[in-house]
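Novice: Attaching a single structure in structure tokens format; questions to follow.
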Amino acid sequence: MRLRNQVLLLQVVVIVVSLAAGFGVVISTSDDRLRDEYGQRALAIARTVATDADVREAVASSGGTSLDPAELGTRPLQAQALAVAERTDALFVVIANDRGIRLAHPDPAELALPLSTDPTRALAGREDLATDRGTLGQSVRAKVPIYAPGGTEVVGLVSVGISTEEIADDLRGDIRTLILIALSALLIGVVGSALLARRWRRLTLGLEPDQLAELVREQEAVLHSMGEGVIAIDPNGVVRVINDKARILLGVTAQTGSPIDAIGLTPRVLEVARTPVDVPRSATVADRVVLVSSRRVSRDGKDLGMVLSVLDRTDVEDLTRQVDSIRSMTDALRAQRHESANRMHVIAGLLRQGNAAAGLDYLDEVMGTGPYGTELPGLENLTEPHLRAFLEAKAAAARERGVTLTLGDQTFLDGTLRDPVVVTTVVGNLIDNAIEAASGRAIEAASGGNPALVEVELIADDSTLLVTVADSGPGIGFPDPDSVFVEGVTTHVDPAVPGGRGMGLALARQLARRTGGDLVVGDRGGEAAAADNTLGGAVFVARLPGIVATGHPA
């Protein structure tokens, strides 16, 4: 039997037992309650008759035991007793004198005869209430003493009886009513239990408890063994499921049952958690880069909430940074090979023409000692091999886009880098953005306008590296300059990039802060450029403490 049917049956049994016990108690006490009620009614009638002045006077004048039944039957007392019995639906109203002789009785043949029950208590001046059997059958009867007019002497009594058959009829009527009530309550209980079972079936999607338990075990096993983070959010915005991977990737420590706004998600991740997105978005969380996506879940047209998926892209980003470093060095070698081949062709031509002097002058230029040398000026102030090769590559890449890369006058670094990948990532992102901004001026420079320039300044202060990158571009166009560090904020759209662009500066600031430093906007440039901003574009300043190992490289 299915559990919902077992529960339905159990509820019906409980209702039946409860009703049976409750109404059994009520029915068992109904007889005593009705007897007491009818006894009080008989007592009230007897008191009313006993206090009547005519009755008291008639009983006081009818003492003794030798009385004429025929005469008693014609007296007003007999008529009054019969009238009271008829009006009150009493079985009988009997009036007797102080010797227990009947002065009034429903049966005239019983007049002038002694009472069939003991009158001692009433004649002693005390009311008597009991169930007894007399000449008219069993009844609940009340006996009340009658006092002499104007005195306290007991001159007789009034006995009023109500048939127990009437009590039984009333009791049977009460029982029928109670049974109808019980059956109605049982019917309501059964219907309510059936509706509850139906709702239970709907809430559990028709699954039995053992199936639900197995489903929960499977869910726990699957969710917590996945390499993807998952957060389930109900329609009210309350987190119902968080697997271990999601806690690790998003740094969540809150327990399930907390509102999604209160579990400590970054603004970009929280935005995705609130609004479904078709394309995964990149986000930075502490020292991690993740891809987040969300979708709404429904079943049978009912909204069940949202599911947020999280993928770790940190390793991919680390690998990308390393590949970018290798690519930059490869670009430098390619550019140098291309330039060396061109130079060899020039020298060969000059020598073939016998113009040795011109060839020597050209060699001086190639070595960087002439007025038109192509080596990056100021590079001799950098002894760090990674940065030298990296900057040469960036200078060659800038030249290919019509941008001139220069080093600031105060550039100086005498030492090695403890983490070259971090430095080249931060510096590379800043230079790439600067070249991108300045490249728009390359066409103007070619037509005689202002040159397209990017200036990089690297200064080592003990173990701290200070980086400044300025460009001759149009500056930062966003109202809040710091918004360029928010994930996904960019002026370029590239559908080929998973998660979208706009991660470079956010990642660079994240890496800088991971070293204990920071990356800030020194000048937004454009029309708001400061007086000491000679290039007129944006200026970024990074501070990377503990990144330089002092001393000459091995």
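Heads up: the sequence shown begins at 24 in the working numbering, then just goes up one per residue.
The beta carbon of each residue, even a glycine, is placed where N, CA and C say it ideally should be.
From a predicted model like this one, the values you see are computed outputs, not experimental measurements.
Sorted by chain position, which residues of the same chain lie with C-beta nearer than 6 Å to Ala104's C-beta, five sequence neighbours on each side aside?
Specialist: For the purposes of this step, residue 104 is taken as residue 81 along the sequence shown, with counting starting at 1. The answer, listed in chain order, is Val116, Ile118 and Ala127.
Novice: Once you ignore the five residues that flank Gly212 on each side, which residues in its own chain have a CB closer than 6 Å to its CB?
Specialist: Start at 1 with the first residue of the sequence shown, and residue 212 comes out as number 189. The answer, listed in chain order, is Ile38.
Novice: Quick check on the burial criterion: 16 or more other C-beta atoms within 10 angstroms. Buried or exposed for Gly179?
Specialist: Working through the sequence shown from its first residue, we reach residue 179 at position 156. It counts as buried.
Novice: Between the Cα of Pro303 and those of Asp335, Arg322 and Ser281, spot the shortest distance and give me the residue it belongs to.
Specialist: Position 280 of the sequence shown, counted from the first residue, corresponds to residue 303. Residue Asp335 is the option with its Cα nearest to Pro303.
Novice: So, Ala457 versus Val492, is the Cβ gap smaller than 8 Å?
Specialist: Reading the sequence shown from its first residue, position 434 is the one you call residue 457. Reading the sequence shown from its first residue, position 469 is the one you call residue 492. Yes, the Cβ-Cβ distance between Ala457 and Val492 is below 8 Å.
Novice: With 16 as the cutoff for other CB atoms within 10 Å, does Gly174 come out buried or exposed?
Specialist: Looking up residue 174 in the sequence shown gives position 151. Gly174 is exposed by the Cβ-count criterion.
Novice: Should Pro504 go down as buried or exposed, given a rule of 16 or more other Cβ atoms within 10 Å for buried?
Specialist: Stepping through the sequence shown from its first residue, residue 504 is reached at position 481. With 16 or more other Cβ atoms within 10 Å, it is buried.
Novice: Under 8 Å, do Gly252 and Ser332 count as touching if we go by C-beta distance?
Specialist: As a position in the sequence shown, residue 252 is number 229, starting the count at 1. As a position in the sequence shown, residue 332 is number 309, starting the count at 1. Yes, the Cβ-Cβ distance between Gly252 and Ser332 is below 8 Å.
Novice: Report yes or no: do the segment 401–421 and the segment 433–449 share at least 3 C-beta pairs separated by less than 8 Å?
Specialist: Judged by Cβ distances under 8 Å, the segment 401–421 makes contact with the segment 433–449, as three or more pairs qualify.
Novice: So what's Met367 in DSSP terms, helix, strand or just coil?
Specialist: Position 344 of the sequence shown, counted from the first residue, corresponds to residue 367. Reduced to three states, the DSSP call for Met367 is helix.
Novice: How many Å lie between Ala309 and Leu293 at the Cα?
Specialist: For the purposes of this step, residue 309 is taken as the residue at position 286 of the sequence shown. For the purposes of this step, residue 293 is taken as the residue at position 270 of the sequence shown. The straight-line gap from Cα to Cα measures roughly 15 Å.
Novice: Are there 16 or more other CB atoms within 10 angstroms of the CB of Ala565, so buried, or fewer, so exposed?
Specialist: In the sequence shown, the residue the question calls residue 565 occupies position 542. Buried, because 16 or more other Cβ atoms sit within 10 Å of the Cβ of Ala565.
Novice: Taking Thr97 as the reference, give the member of Ala132, Arg79 and Thr71 with the closest Cα.
Specialist: For the purposes of this step, residue 97 is taken as the residue at position 74 of the sequence shown. The option with the nearest alpha carbon to Thr97 is Ala132.
Novice: Could you check whether the segment 280–291 touches the segment 253–262, counting it as contact only if at least three pairs of C-beta atoms, one from each stretch, sit closer than 8 Å?
Specialist: Contact holds: three or more Cβ-Cβ distances are below 8 Å.
Novice: To the nearest angstrom, report how far apart Ser216 and Leu228 are at their CA atoms.
Specialist: Residue 216 sits at position 193 when you count from the first residue of the sequence shown. Residue 228 sits at position 205 when you count from the first residue of the sequence shown. Spanning the two alpha carbons is a distance of roughly 18 Å.
Novice: For Asn120, which three-state DSSP category applies?
Specialist: Within the sequence shown, residue 120 is the residue found at index 97, counting from 1. Residue state, collapsed to three classes: strand.
Novice: For Pro518, which three-state DSSP category applies?
Specialist: Within the sequence shown, the letter at position 495 stands for residue 518. Its pLDDT being 46, under 50, Pro518 is placed unreliably by the model, and the measurement read from it follows with that caveat. DSSP places Pro518 in coil when its eight states are reduced to three.
Novice: Which first and last residues belong to the alpha helix (DSSP H) in which Pro99 is found?
Specialist: On the sequence shown, position 76 is the one that residue 99 refers to. That run of the alpha helix (DSSP H) goes Pro99 to Thr111.
Novice: Checking the sheet assignment: what are the DSSP bridge partners for Lys325?
Specialist: Within the sequence shown, the letter at position 302 stands for residue 325. According to DSSP, Lys325 bridges with Arg322.
Novice: Report the rounded CA-to-CA distance for Asn404 versus Val312, giving the unit in angstroms.
Specialist: Here residue 404 refers to the residue found at position 381 of the sequence shown. Here residue 312 refers to the residue found at position 289 of the sequence shown. Distance between the alpha carbons of Asn404 and Val312: 35 Å.
Novice: Between Glu480 and chain C, is the shortest Cβ-Cβ distance under 8 Å, so that the two count as touching?
Specialist: Of the protein chains in the structure, only one exists, and it is not chain C.
Novice: Among Asp455, Ile482 and Pro92, which has the Cα closest to the Cα of Thr439?
Specialist: Indexing the sequence shown from 1 puts residue 439 at position 416. The shortest Cα separation from Thr439 among Asp455, Ile482 and Pro92 belongs to Ile482.
Novice: State yes or no: is the C-beta of Ile570 within less than 8 Å of the C-beta of Asp442?
Specialist: Here residue 570 is taken as the residue at index 547 of the sequence shown, counted from 1. Here residue 442 is taken as the residue at index 419 of the sequence shown, counted from 1. Yes.
Novice: Looking at Pro502 and Gly560, is the spacing between their C-beta atoms short of 8 Å?
Specialist: As a first step, residue 560 is located in the sequence shown; it is residue number 537 there, counting from the start. As a first step, residue 502 is located in the sequence shown; it is residue number 479 there, counting from the start. Taking 8 Å as the Cβ cut-off, Gly560 and Pro502 do not qualify as a contacting pair.
Novice: For the beta strand (DSSP E) that contains Ile185, what are its first and last residues?
Specialist: Along the sequence shown, read from residue 1 onward, the residue named residue 185 stands at position 162. Val177 to Ser186 is the span of the beta strand (DSSP E), which, as asked, contains Ile185.
Novice: Looking at C-alpha atoms only, which residue of Ala371, Leu146, Val315 and Leu414 is the closest neighbour of Thr353?
Specialist: To locate residue 353, count along the sequence shown from 1; it is residue 330. Among Ala371, Leu146, Val315 and Leu414, the Cα nearest to that of Thr353 is on Leu414.
Novice: Exposed or buried, Met367, counting other C-beta atoms within 10 Å across all chains shown (16 or more means buried)?
Specialist: As a working mapping, residue 367 is identified with position 344 in the sequence shown. Exposed, by the Cβ-count rule.
Novice: Whose C-alpha, out of Ala269, Arg110, Ser85 and Thr307, is nearest the C-alpha of Tyr170?
Specialist: Here residue 170 refers to the residue found at position 147 when the sequence shown is read from its first residue. Selected option, being the one with the closest Cα: Ser85.
Novice: Does DSSP classify Glu294 as helix, strand or coil?
Specialist: In the sequence shown, the residue the question calls residue 294 occupies position 271. Residue state, collapsed to three classes: helix.
Novice: Alpha carbon to alpha carbon, what distance is there between Gly62 and Val40?
Specialist: On the sequence shown, residue 40 is found 17 positions in, with the first residue counted as 1. On the sequence shown, residue 62 is found 39 positions in, with the first residue counted as 1. Going from the Cα of Val40 to the Cα of Gly62 covers about 33 Å.
Novice: Closer than 6 Å by C-beta to Asp437: which residues in its own chain qualify, once you throw out the five before and the five after it? Chain order, please.
Specialist: For this step, residue 437 is matched to residue 414 along the sequence shown. Excluding positions up to five away in sequence, the list reads Thr406.
Novice: Which same chain residues end up closer than 6 Å to Thr397 when comparing Cβ atoms and leaving out the 5 residues on each side of it in sequence?
Specialist: As a first step, residue 397 must be located in the sequence shown, where it is residue number 374. Only weak support is given to the placement of Thr397: the predicted model assigns it a pLDDT of 47, under 50, and the question is left unresolved by the model.
Novice: Can you tell me where the beta strand (DSSP E) with Pro303 in it begins and where it stops?
Specialist: Translated into positions along the sequence shown, residue 303 becomes position 280. Unbroken beta strand (DSSP E) run through Pro303: Val300 to Val308.
Novice: Please name the residue in Ser316, Arg291 and Asp546 whose C-alpha comes closest to that of Met307.
Specialist: As a working note, residue 307 is residue 284 in the sequence shown. The sequence shown places Thr at residue 307, rather than the Met named in the question. Comparing Cα positions, the closest option is Arg291.
Novice: For a minimum of 3 consecutive residues, which ranges assigned as the beta strand (DSSP E) are wholly contained in the segment 418–447?
Specialist: The segment 418–447 contains these whole beta strand (DSSP E) runs: 427–430 and 438–440.
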